[in-house]
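Asks: Sending over a structure as structure tokens; questions will come in a sec.
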Amino acid sequence: MSSNKKNFNIYIFILLTVAGIVLACSSVITNDYLKLVIVMVTLAIGLFGIMKSLSNPVEKEEEKTTKE
-17 MSSNKKNFNI
-7 YIFILLTVAG
3 IVLACSSVIT
13 NDYLKLVIVM
23 VTLAIGLFGI
33 MKSLSNPVEK
43 EEEKTTKE
């Protein structure tokens, strides 16, 4: 269960990062400063989420029960 949720969270953060890159390269937002702020926020949240979810090791429930 935990592994499935972790994979789902990684996919969400990857999609957020890709959305930030697409917004940076497109002309959907015409104001450059607003585009900069939106892109920087989406990239920061996406990259932080990816790094955080990949850095925490997941212990299997079997290992937890054998340690106790």
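Numbered by our numbering, the letters in the sequence shown go through residues -17 to 50 in order.
Even for Gly, the Cβ is constructed at its ideal location relative to N, Cα and C.
Within 10 angstroms of its Cβ, does Phe30 collect 16 or more other Cβ (buried), or is it exposed?
Replies: exposed
Asks: Thinking Ile32 and Ile(-8) are a contact (beta carbons under 8 Å), I'd like their distance in whole angstroms, please.
Replies: 6 Å
Asks: Whole angstroms is fine: what's the gap from Val0's alpha carbon to Val10's?
Replies: Our two residues, Val0 and Val10, have alpha carbons roughly 15 Å apart in a direct line.
Asks: Can you tell which of Asn(-11), Ile3 and Phe(-10) has the C-alpha that lies nearest to the C-alpha of Ile20?
Replies: Ile3
Asks: For Ser35, which of helix, strand or coil comes out of DSSP?
Replies: helix
Asks: Return the chain-ordered list of same chain residues with a C-beta closer than 6 Å to the C-beta of Asn13, the five sequence neighbours on each side being excluded.
Replies: Shown here for Asn13: not one same chain residue has a beta carbon closer than 6 Å to its own, the five before and five after excluded.
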